[in-house]
Amino acid sequence: MLVFLLFIGVGGCWSAQELNNRAFVNTVLIDMTEDGQTELTVGIPLPNRMIPGEAGGTGQPQGDPFSFVTRRAENLSQALNLIQVDLPRNLTFGQTRIIVIGRRQAEQGLDKVVEFVFRQPSFRLSASLFITPGDVKEITKAPMVFERILSDILRKYVNNHYTLDTTIKDYKLALYQGGDILIPLLNFGELPGVAQEDPKKNRWMGSGGAAIFSGGKMSKIKLNPFEQQTALWISSQLKNTTVTIASPTDDKEMSFFIEGIKTGIEPVVRGNQVSFRIQSNAKAFVETSLSHIDLKDPMVLQQLEEILNKQVEEQFISVLNKTRQARSDAFLMSQYLDWRYPKFWHTMQDQWKNYYAKELPIEVDVEIKLNRTGGVYRSVVHETNR
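Mapped onto the working numbering, the consecutive letters of the sequence shown carry residue numbers 194 to 579.
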């Protein structure tokens with residue numbers, strides 16, 4: 194019996210599919226056509242072009258190491274079936290990390306997308322969402338300069354905190370609170386100064402800010418890339434950034450590297466009134482200075498801290514006001530209220546949308562501590578010009 198049990202442990206996986214029979218989808222593109230049809234595109238790596246020596250001989254593989262397949266149908270399930278019948282391998286979504294939605298579909302809402310994803314057992318709920326300002330297939334024209342696969346570029350945008358990290362799970366949870374959330378936007382344009390082998394491929398892809406969703410649909414109001422950095426700061430997704438101010442002595446430019454960022458959102462209930470307090474702490478050091486300001490003076494350092502705090506607070510308020518204009522509780526303050534004061538939340542749940550947009554008091558308190566002034570106290574430019 195013991196020998197028999199040992200033989201079972203070394204047996205093969207007879208119930209699983211062979212890897213050679215699978216096509217691993219790592220990117221999903223979804224959009225709506227002008228006539229109302231659903232357009233589904235899947236990005237699939239091509240193993241025979243990724244390994245040197247496997248593409249018709251020796252040396253480096255020829256051609257792109259991935260492919261996009263597109264089909265149109267009445268819904269996502271039919272489009273997926275049309276793609277599958279044309280492929281020699283079985284599609285699997287276990288490696289899908291990126292879902293990109295076109296503008297038309299985003300304006301109609303992502304309910305069908307979320308429903309489709311949640312019905313796929315192998316789909317990762319941690320897959321990141323992105324929105325394109327136009328046709329979603331424009332992303333397929335983006336050249337692979339630094340990475341070989343499109344999904345790797347977008348994942349690094351998220352991992353390096355260049356864009357918001359909004360997942361399928363985040364969107365699904367937001368739907369229960371009204372469908373308000375921020376989703377990162379992509380931007381496409383001419384290639385800015387990066388040399389390429391093929392001059393015809395002069396396209397470039399980058400972060401284009403963030404789309405504001407209200408009631409599960411994309412609003413016409415959006416955040417630009419600078420405002421998205423502030424949104425990252427408010428939502429505790431920003432690790433470090435750079436803030437530039439005018440020197441209080443001569444209005445010359447001074448830049449500070451901000452790190453150790455910690456932000457908290459807290460509801461405050463007094464009687465039958467609710468308000469919110471957003472508190473953020475960070476450390477800073479002088480990155481560059483064109484001013485002749487004397488950084489050895491403690492009073493000067495305190496003055497710079499006050500200017501930094503005020504400027505960041507104004508940025509916070511500006512971004513919050515944009516979400517109010519879009520009638521979107523994009524930072525999910527209702528969830529904080531529900532967690533801390535569930536009984537109070539249920540009394541004002543029906544009127545929350547209007548209350549957030551017009552009446553909710555929000556107090557912003559930023560405290561940045563200037564710890565280091567760099568290797569010199571005065572501007573190197575002014576010292577060399579003496």
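Where a beta carbon is used, it is the ideal one built from N, C-alpha and C, also for glycine.
Keep in mind it's a predicted model, so treat the numbers as computed, not measured.
Given this structure, state the Cα-to-Cα distance separating Ser468 from Thr226, to the nearest angstrom. Residue 468 sits at position 275 when you count from the first residue of the sequence shown. Residue 226 sits at position 33 when you count from the first residue of the sequence shown. CA-CA distance, Ser468 to Thr226, rounds to 43 Å.
Specify the secondary structure class of Val493 as computed by DSSP and reduced to three states. By 1-based counting over the sequence shown, the position of residue 493 is 300. Residue state, collapsed to three classes: helix.
What distance in whole Å lies between the Cβ atoms of Asp522 and Gly371, which are believed to be in contact at a cut-off of 8 Å? To locate residue 371, count along the sequence shown from 1; it is residue 178. To locate residue 522, count along the sequence shown from 1; it is residue 329. Between Asp522 and Gly371 the Cβ distance is about 7 Å, and since that is below 8 Å, they are a contact.
Taking only the alpha-carbon atoms, compute the straight-line gap between Arg348 and Leu195 and give it to the nearest angstrom. For the purposes of this step, residue 348 is identified with residue 155 of the sequence shown, where counting begins at 1. For the purposes of this step, residue 195 is identified with residue 2 of the sequence shown, where counting begins at 1. Roughly 48 Å between the two C-alpha positions.
Leaving out the 5 sequence neighbours to the left and right, which residues in its chain are closer than 6 Å to Glu232 when beta-carbon positions are compared? Here residue 232 corresponds to residue number 39 of the sequence shown, with the count starting at 1. Taken in chain order, the residues that qualify are Asp224, Thr226 and Arg265.
What did DSSP end up calling Lys515 once you bin it into helix, strand or coil? Counted from its first residue, the sequence shown places residue 515 at position 322. Looking at Lys515 - three-state DSSP - the assignment turns out to be helix.
Helix or strand or just coil, what does DSSP make of Arg580? Summary: the structure shown does not reach residue 580, with the chain confined to residues 194 through 579, and so no result is reported for it.
Out of curiosity, what's the CA-to-CA distance linking Asp443 and Asp490? The residue given as residue 443 occupies position 250 in the sequence shown. The residue given as residue 490 occupies position 297 in the sequence shown. Computed Cα separation, rounded: 16 Å.
May I have the straight-line CA-CA distance separating Ala477 from Lys562, to the nearest angstrom? Counting from 1 along the sequence shown, the entry for residue 477 is found at position 284. Counting from 1 along the sequence shown, the entry for residue 562 is found at position 369. Taking the straight line joining both Cα atoms gives about 6 Å.
Just to confirm before moving on: does the CB-CB distance between Ile376 and Leu425 stay below 7 Å? What you label residue 376 is simply residue 183 of the sequence shown in a count that begins at 1. What you label residue 425 is simply residue 232 of the sequence shown in a count that begins at 1. No, these two residues do not count as a Cβ contact at 7 Å.
Would Gln430 and Asp358 be called neighbours here (beta carbons separated by less than 7 Å)? Along the sequence shown, read from residue 1 onward, the residue named residue 430 stands at position 237. Along the sequence shown, read from residue 1 onward, the residue named residue 358 stands at position 165. It is a contact, given that the beta carbons lie within the stated cut-off.
Inter-residue spacing [alpha-carbon to alpha-carbon] between Ala403 and Arg520: In the sequence shown, residue 403 corresponds to position 210, counting from 1. In the sequence shown, residue 520 corresponds to position 327, counting from 1. Cα to Cα, Ala403 sits roughly 15 Å from Arg520.
Can you tell me whether Gly464 is buried or exposed, with buried defined as 16 or more other CB within 10 angstroms of its CB? Position 271 of the sequence shown, counting from 1, holds the residue named residue 464. That one is exposed.
Would Gln421 and Thr434 qualify as a contact pair, given that the criterion is a beta-carbon distance under 7 Å? Locating residue 421 in the sequence shown gives position 228, where the first residue counts as 1. Locating residue 434 in the sequence shown gives position 241, where the first residue counts as 1. Taking 7 Å as the Cβ cut-off, Gln421 and Thr434 do not qualify as a contacting pair.
Short of 8 Å in beta carbon distance, which residues of its chain neighbour Thr289, apart from the five on each side in sequence? Order them along the chain. To locate residue 289, count along the sequence shown from 1; it is residue 96. Correct list, in chain order: Val218, Asn219, Thr220, Val221, Phe316, Arg317 and Ala320.
Pick from Asp558, Gly236, Asn474 and Leu378 that is closest to Thr356, judged by C-alpha positions: Locating residue 356 in the sequence shown gives position 163, where the first residue counts as 1. Looking at the Cα atoms, Leu378 is the closest of the given residues.
State the start and end residues of the unbroken alpha helix (DSSP H) segment that holds Glu308. To locate residue 308, count along the sequence shown from 1; it is residue 115. First-last of the alpha helix (DSSP H) with Glu308: Asp304 to Phe311.
If we require 4 or more residues per run, which alpha helix (DSSP H) segments fall completely within the region 403-430? Segments of the alpha helix (DSSP H) lying fully in the region 403-430: 418-427.
Could you tell me which of Leu198, Ile294 and Lys334 sits nearest to Phe261, measuring between CA atoms? Residue 261 sits at position 68 when you count from the first residue of the sequence shown. Comparing Cα-Cα distances from Phe261 to each of Leu198, Ile294 and Lys334, the minimum goes to Lys334.
By the three-class DSSP mapping on this structure, what secondary structure does Leu343 have? Position 150 of the sequence shown, counted from the first residue, corresponds to residue 343. In the structure shown, Leu343 sits in a helix (DSSP, three-state: H, G or I).
Whole angstroms is fine: what's the gap from Gly229's alpha carbon to Arg297's? Looking up residue 229 in the sequence shown gives position 36. Looking up residue 297 in the sequence shown gives position 104. So the alpha carbons of these two residues sit roughly 9 Å apart.
Taking 6 Å as the limit between beta carbons, can you name the residues of its chain near Phe419, skipping five residues before and five after? Residue numbering aside, residue 419 sits at position 226 when the sequence shown is read from its first letter. Result list for Phe419: empty, nothing under 6 Å.
Assuming Ile486 and Ser527 make a contact with CB atoms under 8 Å, what is their CB distance in whole Å? Start at 1 with the first residue of the sequence shown, and residue 486 comes out as number 293. Start at 1 with the first residue of the sequence shown, and residue 527 comes out as number 334. Contact check for Ile486 and Ser527: beta-carbon distance about 44 Å, past the 8 Å limit, so the pair fails to qualify.
Asp543, buried or exposed, once every other Cβ within 10 Å from all chains shown has been counted against 16: Mapped onto the sequence shown, residue 543 falls at position 350. It counts as exposed.
For Glu331, name the three-state secondary structure that DSSP assigns. Within the sequence shown, the letter at position 138 stands for residue 331. Here Glu331 sits in helix by DSSP.
Mark Glu560 as exposed unless 16 or more other C-beta atoms lie within 10 angstroms of its C-beta, in which case mark it buried. Residue mapping note: residue 560 aligns to position 367 of the sequence shown, counting from 1. That one is exposed.
Taking just the CA atoms, how far does Pro460 sit from Arg586? Nothing about residue 586 can be reported from this structure: the residues present for the chain run from 194 to 579 only.
Whole-angstrom C-beta distance between Glu556 and Arg470, which should lie under 8 Å: On the sequence shown, residue 470 is found 277 positions in, with the first residue counted as 1. On the sequence shown, residue 556 is found 363 positions in, with the first residue counted as 1. Confirmed, Cβ separation roughly 5 Å.
Counting C-beta neighbours from all protein chains within 10 Å, is the total for Met398 16 or more, i.e. buried, or is it exposed? Looking up residue 398 in the sequence shown gives position 205. Its Cβ being crowded by 16 or more others within 10 Å, Met398 is buried.
Given Ile324 as reference, the closest of Ile292, Thr481 and Phe339 once Cα atoms are compared: Numbered from its first residue, the sequence shown carries residue 324 at position 131. If we check each option's Cα against that of Ile324, Ile292 comes out closest.
N-terminal and C-terminal residue of the alpha helix (DSSP H) that Thr442 is part of: The residue given as residue 442 occupies position 249 in the sequence shown. From DSSP, Thr442 is part of no alpha helix (DSSP H); its letter is neither H nor E.
Would you kindly work out how many angstroms separate the C-alpha atoms of Ala272 and Val278, rounded to a whole number? Position 79 of the sequence shown, counted from the first residue, corresponds to residue 272. Position 85 of the sequence shown, counted from the first residue, corresponds to residue 278. Going by the C-alpha atoms only, they are around 10 Å apart.
Name the DSSP beta bridge partners of Gln508, please? Residue mapping note: residue 508 aligns to position 315 of the sequence shown, counting from 1. Paired residues: none, contrary to the question.
Please determine, among Phe406, Met541, Arg565 and Leu275, the residue with the shortest C-alpha to C-alpha distance to Lys515. As a working mapping, residue 515 is identified with position 322 in the sequence shown. Out of Phe406, Met541, Arg565 and Leu275, Phe406 has the C-alpha closest to the C-alpha of Lys515.
Cβ neighbour criterion (16 or more within 10 Å) applied to Leu513: Start at 1 with the first residue of the sequence shown, and residue 513 comes out as number 320. Of the other Cβ atoms in all chains shown, 16 or more fall within 10 Å of the Cβ of Leu513; this residue is therefore buried.
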